[in-house]
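Visitor:
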Amino acid sequence: STSLTRREKAEQRPQHSRGLAQGANATLSRRLLEAMPLQERLRAVMAHAHVQALRFERLRRMVSATTSTCELLDTLASIAVIVQGHWIAKPEVRMMHELVEWDSDVPPAVYAAAERRVALRDYALLLFSRANSVSEETFVADGIPLAEWRGGGGGGGRA
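All residue numbers for the sequence shown refer to UniProt numbering, where the first residue is 1 and numbers rise by one.
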């Protein structure tokens with residue numbers, strides 16, 4: 001068996017996990033991000049950022065000064081939605097984060113749990129698009145156990 005170099009291993013990783021350090025606590029590498037095309041860079045940031053709601057000004061600082069505002073907005077619109085002045089990754093982009101450690105061999109149960117977390121997140125975003133605050137009672141009334149919402153049960157992880 002031939003040993004692969006670090007670069008060859010990185011090139012074999014799925015596109016959604018390029019630019020990330022290995023492991024469960026993967027972080028974005030600024031050097032690799034800067035080498036990515038605009039859409040790929042923004043997808044990586046939106047998918048893997050610890051803060052899931054980013055203001056335009058913060059995203060603007062992450063791109064080249066030569067990138068026009070129109071180009072940035074067009075690219076953002078393809079991968080994110082705006083909720084109360086914050087850009088939030090679309091569900092398919094967030095799924096990348098949920099499944100990054102699995103590369104392409106995702107067990108069905110893990111995929112289903114990730115889908116559930118993303119669906120819960122999208123439901124919360126829908127509620128926040130309608131009001132400035134949402135009570136926990138709203139989730140309970142809709143049959144969502146608080147432990148699941150908080151990531152403590154039901155196939156958990158955070159939403």
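Every residue gets a Cβ at the ideal spot worked out from N, C-alpha and C, and that includes glycine.
Does the segment 102 to 120 come close enough to the segment 58 to 68 to have 3 or more Cβ pairs within less than 8 angstroms?
Guide: Result no; under three Cβ-Cβ pairs closer than 8 angstroms.
Visitor: Count the other C-beta atoms from every protein chain shown that fall within 10 angstroms of the C-beta of Ala35, then say buried if there are 16 or more, exposed otherwise.
Guide: Under this definition Ala35 is an exposed residue.
Visitor: Could you check if Leu126 is buried or exposed, using at least 16 other CB atoms within 10 Å of its CB as the buried criterion?
Guide: That one is exposed.
Visitor: Looking at Leu54 and the ligand COA, is the gap between the Cβ and the nearest heavy atom below 7 angstroms?
Guide: Within the structure as shown, the ligand COA is missing, as the structure has no ligands at all.
Visitor: Quick check: the segment 68 to 78 against the segment 121 to 137, are at least 3 beta-carbon pairs closer than 8 angstroms?
Guide: The answer is no - the segment 68 to 78 does not touch the segment 121 to 137, with fewer than three Cβ pairs under 8 angstroms.
Visitor: According to DSSP, is Ile88 part of a helix, a strand, or is it coil?
Guide: DSSP places Ile88 in strand when its eight states are reduced to three.
Visitor: Between the C-alpha atoms of Leu42 and Thr138, what's the straight-line distance to the nearest angstrom?
Guide: In a straight line, the C-alpha of Leu42 is about 32 angstroms away from that of Thr138.
Visitor: Measure how close the beta-carbons of Val93 and Ala147 come, nearest whole angstrom, since I'm counting them as under 8 angstroms.
Guide: Actually they are not in contact, since the Cβ atoms of Val93 and Ala147 sit about 26 angstroms apart, beyond 8 angstroms.
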